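K.L.:
Please find one structure pasted underneath; my questions will follow.
In the numbering used here, the protein residues as written are 128 to 746.
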């Protein structure tokens with residue numbers, strides 16, 4: 128058994144709660160832009176005093192509607208300004224926010240709202256409203272539903288007086304406007320009492336794990352959880368959180384705990400926070416907003432790399448790009464040597480900085496020097512590439528139960544290939560069987576309405592993550608797999624599939640990969656292809672006349688995919704390597720039920736739905 132800890136850098140206020148942050152910001156930095164929002168297609172700053180006023184106005188509407196101290200209020204929306212505004216409004220009314228992914232099905236909505244006992248819901252669109260209404264007979268506690276976007280009629284126009292008139296819906300105005308109008312008779316003193324009622328140990332939110340098996344469980348995260356998490360992250364990464372200078376553009380779902388970490392940390396610092404609802408518009412918004420810091424998942428950084436490489440190849444500059452990428456990786460690796468990069472490498476690096484790297488940084492907004500990556504392993508290849516181009520991606524690790532990051536790489540002591548050191552003030556322990564155990568103030572207090580699951584996950588103050596990992600002598604954590612996902616071949620060989628899968632997914636053609644082989648003679652893999660890069664590959668290789676079905680059987684394409692598999696195999700022993708793969712003529716999506724909203728594979732569902740394809744690997 129091995130463990131490592133770091134002293135806390137932030138002291139959690141025992142009698143405080145998260146609404147203290149916006150009141151403090153308004154008092155100390157009234158005119159400093161703490162949020163930015165789109166107005167007339169342009170980014171407009173919102174000062175701390177203005178943001179507080181908007182939050183309190185919405186909170187008054189919640190109070191006027193009958194929301195009581197400790198009530199649960201659901202919030203279902205894409206990432207947008209109103210998400211952050213309403214989250215703090217719910218807290219300011221003394222209530223508890225229950226996030227719901229905007230892609231959730233009516234069945235998922237019914238479970239989350241009924242299990243949490245939500246008395247009210249804030250939804251974004253007509254579609255969301257219909258989904259809630261379709262299961263309303265199963266939600267006896269639900270009284271009010273407000274819609275963030277003004278309701279639209281069948282012609283897609285503002286519904287005006289044709290809008291729904293049941294409790295909580297208005298006529299032609301959005302939820303924020305409705306709540307502000309409804310709270311006109313509530314005085315400031317009432318909001319002050321409600322805002323101050325919760326303490327550090329009061330529940331702030333119930334976040335339902337997306338769950339790869341079974342129904343989602345509601346993780347109860349307190350105000351203390353967020354204070355301990357965000358306070359220590361901000362202090363350890365303080366040069367990245369400079370008030371009045373730093374900014375972050377949030378495009379991750381705020382319903383996910385990683386997105387919530389970004390939101391609260393930005394308000395705590397405070398730094399300017401922007402929101403992007405449509406990831407397809409991300410490149411344009413990065414150029415317009417120009418953040419100094421980016422938060423993302425590995426797939427985003429993989430896409431940026433693959434898109435840049437594909438554009439270079441299309442412009443006849445593929446060899447230059449590949450050489451530049453090779454140089455960036457070598458330069459980053461050389462930074463870890465005592466002597467640093469040799470002169471020749473420094474000169475090549477300087478040349479490619481002008482030709483290639485500066486253009487890549489411009490795609491990311493031009494000002495950002497750092498990013499924080501979580502949700503899945505980033506891998507050494509991307510880590511070294513990005514650091515080599517002057518854009519350092521700091522990898523971290525966490526779970527909903529740990530209020531997001533429980534370990535992360537510090538900006539000044541990065542170790543690529545690890546997920547960093549423990550959150551200051553917390554402890555990471557590796558059990559005798561290799562499982563990662565966690566202890567600290569940032570942890571959840573339990574699963575809502577599920578004492579049995581709570582007792583199984585929390586034993587003697589330690590949270591059992593289910594992940595396998597190692598700690599080095601400096602306390603840097605490396606995640607090596609997940610206990611429940613370990614495959615055991617017929618020959619008794621243990622295989623951690625995530626290591627190979629991450630290597631294979633690094634290829635531009637591969638969208639998803641699932642390694643199989645439990646009880647089988649060897650490891651195999653199911654692959655799905657990237658819908659964006661497959662047509663590009665076909666065009667570059669003169670295969671445009673082939674049908675989609677013919678393309679998936681094309682020998683040249685299969686040879687390319689074999690190279691991707693070889694890359695994954697290079698990360699493991701021969702006994703663990705993938706011997707055969709099968710290309711699926713489909714995608715693993717949240718809608719198909721094969722991945723969670725946080726992009727984790729539902730392995731059991733995939734194995735069941737594609738059992739014939741798995742059998743074919745071993746025929």
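The beta-carbon is built from N, C-alpha and C at its ideal position, and this holds for glycine as well.
These numbers come from a predicted model, not from an experiment.
Which residues does DSSP pair with residue 463 in a beta bridge?
P.N.:
As a first step, residue 463 is located in the chain shown; it is residue number 336 there, counting from the start. Paired residue(s): none; residue 463 is not in a bridge.
K.L.:
What separation, rounded to the nearest whole angstrom, lies between the Cα atoms of residue 135 and residue 642?
P.N.:
Indexing the chain shown from 1 puts residue 135 at position 8. Indexing the chain shown from 1 puts residue 642 at position 515. The alpha-carbon atoms of residue 135 and residue 642 are separated by roughly 40 Å.
K.L.:
Between residue 428 and residue 420, what straight-line distance do the alpha-carbon atoms span, to the nearest angstrom?
P.N.:
Here residue 428 is taken as the residue at index 301 of the chain shown, counted from 1. Here residue 420 is taken as the residue at index 293 of the chain shown, counted from 1. Answer to the nearest angstrom: the Cα atoms are 14 Å apart.
K.L.:
From 441, 416, 522, pick the residue whose C-alpha is nearest to that of residue 764; which is it?
P.N.:
In the structure displayed, the chain extends from 128 to 746; residue 764 sits before or after that span and is not available.
K.L.:
At what residues does the alpha helix (DSSP H) containing residue 381 begin and finish?
P.N.:
Counting from one through the chain shown, the residue named residue 381 turns up at place 254. Run containing residue 381: none; DSSP gives neither H nor E here.
K.L.:
If you follow the beta strand (DSSP E) that residue 591 is part of, which residue opens it and which one closes it?
P.N.:
Within the chain shown, the letter at position 464 stands for residue 591. Looking at the DSSP string, the run of the beta strand (DSSP E) that includes residue 591 is 589 to 598.
K.L.:
Since residue 548 sits in a beta bridge, which residues does DSSP pair it with?
P.N.:
Translated into the one-based positions of the chain shown, residue 548 becomes position 421. By DSSP's assignment, residue 548 forms a beta bridge with 535.
K.L.:
Need the endpoints of the alpha helix (DSSP H) that residue 431 sits in, please.
P.N.:
Sequence index remark: in the chain shown, residue 431 carries index 304 (1-based). 425 to 441 is the span of the alpha helix (DSSP H), which, as asked, contains residue 431.
K.L.:
Using 10 angstroms around the beta-carbon of residue 716, count the other beta-carbons present and answer buried if the total reaches 16, otherwise exposed.
P.N.:
Your numbering for residue 716 matches position 589 in the chain shown. Burial call: exposed.
K.L.:
Closer than 8 Å is the cut-off here; do at least three beta carbon pairs connect the region 261 to 279 with the region 240 to 251?
P.N.:
yes
K.L.:
Am I right that residue 197 and residue 216 are in contact with their C-beta atoms under 8 Å? What's the rounded C-beta distance?
P.N.:
On the chain shown, position 70 is the one that residue 197 refers to. On the chain shown, position 89 is the one that residue 216 refers to. Not quite, the Cβ-Cβ distance comes to about 16 Å (not below 8 Å), so this is no contact.
K.L.:
Could you have a look at residue 313 and say whether DSSP puts it in helix, strand or coil?
P.N.:
Here residue 313 corresponds to residue number 186 of the chain shown, with the count starting at 1. The answer is coil: DSSP assigns residue 313 none of H, G, I, E or B.
K.L.:
Kindly list the residues whose CB is nearer than 6 Å to the CB of residue 741, restricted to its own chain and excluding five residues on each side of it in sequence; keep chain order.
P.N.:
Walking along the chain shown from the start, residue 741 turns up at place 614. 643.
K.L.:
DSSP state of residue 679, grouped into three classes?
P.N.:
Within the chain shown, residue 679 is the residue found at index 552, counting from 1. It is helical.
K.L.:
On the criterion of 16 or more Cβ atoms from any shown chain inside 10 Å, does residue 697 qualify as buried, or is it exposed?
P.N.:
Counted from its first residue, the chain shown places residue 697 at position 570. The residue in question, residue 697, is exposed, as its Cβ has fewer than 16 Cβ neighbours within 10 Å.
K.L.:
My guess is that residue 565 and residue 529 are in contact by the Cβ rule of under 8 Å, so how many angstroms apart are they, rounded?
P.N.:
Numbered from its first residue, the chain shown carries residue 565 at position 438. Numbered from its first residue, the chain shown carries residue 529 at position 402. Yes, they are in contact, since the Cβ atoms of residue 565 and residue 529 sit about 6 Å apart, within 8 Å.
K.L.:
Starting from the C-beta of residue 746, find all residues in its chain whose C-beta is less than 6 Å away, skip the five residues before and the five after it, and write them out in chain order.
P.N.:
Counting from 1 along the chain shown, the entry for residue 746 is found at position 619. Same-chain partners within the cutoff: there are none.
K.L.:
On the DSSP bridge assignment, give the partners of residue 226 in chain order.
P.N.:
The residue you call residue 226 lines up with position 99 of the chain shown. According to DSSP, residue 226 bridges with 202.
K.L.:
What separation, rounded to the nearest whole angstrom, lies between the Cα atoms of residue 371 and residue 535?
P.N.:
Residue numbering aside, residue 371 sits at position 244 when the chain shown is read from its first letter. Residue numbering aside, residue 535 sits at position 408 when the chain shown is read from its first letter. Near 25 Å, if we compare the C-alpha coordinates of residue 535 and residue 371.
K.L.:
Please classify residue 469 as buried or exposed, where buried requires at least 16 neighbouring CB atoms within 10 angstroms.
P.N.:
Numbered from 1 along the chain shown, position 342 holds the residue referred to as residue 469. With fewer than 16 other Cβ atoms within 10 Å, it is exposed.
K.L.:
Compute the Euclidean distance between the alpha carbons of residue 512 and residue 455, then round it to the nearest angstrom.
P.N.:
Here residue 512 is taken as the residue at index 385 of the chain shown, counted from 1. Here residue 455 is taken as the residue at index 328 of the chain shown, counted from 1. Computed Cα separation, rounded: 5 Å.
K.L.:
Using a Cβ-Cβ cut-off of 7 Å (strictly less than) and excluding sequence neighbours within five positions of residue 680, which residues of its own chain qualify?
P.N.:
One-based indexing of the chain shown puts residue 680 at position 553. Excluding residues within five positions, none has a Cβ falling inside 7 Å.
K.L.:
Residue 137: buried (16+ other C-beta within 10 angstroms of its C-beta) or exposed?
P.N.:
Taking the chain shown and counting its residues from 1, the one referred to as residue 137 is at position 10. The residue in question, residue 137, is buried, as its Cβ has 16 or more Cβ neighbours within 10 Å.
K.L.:
Just to confirm before moving on: does the CB-CB distance between residue 213 and residue 175 stay below 9 Å?
P.N.:
The residue given as residue 213 occupies position 86 in the chain shown. The residue given as residue 175 occupies position 48 in the chain shown. Result no, Cβ atoms of residue 213 and residue 175 do not sit closer than 9 Å.
K.L.:
Quick one: residues in its chain with C-beta nearer than 8 Å to the C-beta of residue 651, no 5 flanking neighbours on either side, listed in chain order?
P.N.:
If you number the chain shown from 1, residue 651 lands on position 524. Sequence-distant partners of residue 651 (beyond 5 residues in either direction) whose C-beta falls short of 8 Å from its own C-beta, in its chain, are 642, 643, 644, 705, 706, 707, 708, 709, 741, 744, 745.
K.L.:
Are the region 159 to 168 and the region 585 to 602 touching by the rule of at least three beta carbon pairs closer than 8 Å?
P.N.:
no
K.L.:
By DSSP, does residue 357 sit in helix, in strand, or in coil?
P.N.:
As a working note, residue 357 is residue 230 in the chain shown. Of the three classes helix, strand and coil, the one that applies to residue 357 here is helix, per DSSP.
K.L.:
For residue 321 and residue 200, what's the separation of their Cα atoms in angstroms?
P.N.:
Looking up residue 321 in the chain shown gives position 194. Looking up residue 200 in the chain shown gives position 73. Their backbone Cα atoms lie some 15 Å apart in a straight line.
K.L.:
Consider the C-beta atom of residue 176 and the heavy atoms of the ligand SAH; say whether any pair is separated by less than 8 Å.
P.N.:
Ligands are entirely absent from the displayed structure, and the ligand SAH is therefore not among its contents.
K.L.:
Quick check on the burial criterion: 16 or more other C-beta atoms within 10 angstroms. Buried or exposed for residue 481?
P.N.:
As a first step, residue 481 must be located in the chain shown, where it is residue number 354. That one is exposed.
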